[in-house]
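Asks: First the structure, then my questions, so here it is.
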Amino acid sequence: MQGVDRHDQLRGRFSLADGHSFQKWHKKLAMAMIDIARCNAYICDGLARGYHGDRNVSTSRTRDPHRTFLIRELFNGEWKNSLENDCGMAYTVSTTPETRPPSTAAATEFHYLPQMCVAKESWKELAGRSRSKRKCTVCSFECRNATQKTDYCSTHQVALCKRSYPVATGKPHLCQQETWTCWQKFHLFYLPKQVYTADGNLRRSSRIYRAQQPFLKVRREQQQKKT
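Just so we're aligned, residue 0 is where the sequence shown starts under numbering that gives the first Met the number 0, counting upward by one.
Laid out in structure tokens, this is it:
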């Protein structure tokens, strides 16, 4: 039974463990601990911002709903550790200064985009169109097996996955940041280097494309042999 106190009600409203049954008790416990941590983070965020529950102050202007807080946490948070099963990393959907990646020598070399780029599920945004449109643009350019489980950037009209891959050996012209996802590579490396246009089309006159063209040609020949 939930709802012992206000904080328990808050935790129960958006619980990760609710609606799921686990045969192993430690899985249920782990999900409950995540719920408690997120609830505590929300409370601490409110205290840090000076929300003291003053009834005379309009809560619509001073306090975010719990759902809005969780959305901001999931979409603007930086997840630095890749999963062991190679599912990749989550990423920030914005390239604004507030949500930019940690500063590195490679990151400071490029200019960050002024506009907000929001990730949307590609299977929803590209419904009714060819499934090939949902393949990751960066994976295809770097000659990897492009996954169709991608997110769609409506600003630049490209599908990008949320995985990070080891640096490609023998291809120094490609992005050398192995901790970056394909979303970050596109927005922080290939787009500033003018490999792609603002509409997501390959710029065949770019230096990086000319260096990658022989590898793309071999890749196309291999795919034609399979078909």
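Where is the CB? At the ideal position from N, CA and C, for every residue including glycine.
Near Cys135, what residues of its chain come up, given a Cβ to Cβ distance below 7 Å and the 5 sequence neighbours on each side ignored?
Replies: Ala145, Thr146, Thr149, Ala158, Leu159, Cys160, Cys181.
Asks: To test your reading of the DSSP string, which unbroken alpha helix (DSSP H) runs of 4 or more residues are found completely within the stretch 147–206?
Replies: If we require 4 residues or more, the alpha helix (DSSP H) runs fully inside the stretch 147–206 come out as 181–184.
Asks: Please state the DSSP three-state secondary structure of Glu124.
Replies: Reduced to three states, the DSSP call for Glu124 is helix.
Asks: Distance, Cα to Cα, Ser20 vs Ala29?
Replies: In a straight line, the C-alpha of Ser20 is about 13 Å away from that of Ala29.
Asks: Going by DSSP, name the residue or residues bridged to Lys119.
Replies: Answer by DSSP bridge pairing, in chain order: Tyr151.
Asks: Which residues mark the beginning and the end of the alpha helix (DSSP H) in which Leu15 is found?
Replies: Counting along the chain, Leu15 falls outside any alpha helix (DSSP H), and DSSP gives it neither H nor E.
Asks: Just the C-alpha distance for Leu9 and Ala31, rounded to the nearest angstrom, thanks.
Replies: For Leu9 and Ala31, the distance between alpha carbons rounds to 13 Å.
Asks: Should Glu124 and Ser153 be called a contact, given that it needs their Cβ atoms to be closer than 8 Å?
Replies: Against a cut-off of 8 Å, the Cβ pair of Ser153 and Glu124 comes out as a contact.
Asks: Under 8 Å, do His172 and Gln211 count as touching if we go by C-beta distance?
Replies: Closer than 8 Å, so yes.
Asks: Provide the residue span of the alpha helix (DSSP H) that contains Ser139, from first to last.
Replies: Start and end: 136–140.
Asks: For Ser59, count neighbouring C-beta atoms within 10 Å of its own C-beta (all shown protein chains included) and say buried if the count is 16 or more, exposed if not.
Replies: With a pLDDT of 44 at Ser59, under the threshold of 50, the modelled position of this residue cannot be trusted, and the question is left open.
Asks: I'd like the list of long-range same chain contacts for Gln175, defined as Cβ closer than 6 Å, with 5 residues on each side in sequence excluded.
Replies: Hits under 6 Å: Val166.
Asks: When burial is assigned at 16 or more other CB atoms within 10 Å of the CB, is His186 buried or exposed?
Replies: Buried is the call here.
Asks: State yes or no: is the C-beta of Tyr189 within less than 8 Å of the C-beta of Val117?
Replies: Not closer than 8 Å, so no.
Asks: Rounded to the nearest angstrom, what separates Ser57 and Ile35 at their Cα positions?
Replies: Reliability of the predicted coordinates at Ser57 is poor, the pLDDT of 47 falling under 50, and no value is obtained from them.
Asks: Cutting at 7 Å between CB atoms, please list the residues of its own chain near Tyr208, excluding the five before and the five after it.
Replies: Contacts found: Val194, Leu201, Arg202.
Asks: Can you tell me whether Ser129 is helix, strand or coil according to DSSP?
Replies: Ser129 falls in the coil class under three-state DSSP.
Asks: Measuring only the C-alpha atoms, how far is Lys119 from Tyr151?
Replies: Lys119 and Tyr151: Cα-Cα distance of roughly 5 Å.
Asks: Taking all protein chains shown into account, decide if Glu220 is buried (16 or more other Cβ within 10 angstroms of its Cβ) or exposed.
Replies: Flag for Glu220 reads exposed.
Asks: For Ala145, which of helix, strand or coil comes out of DSSP?
Replies: Coil.
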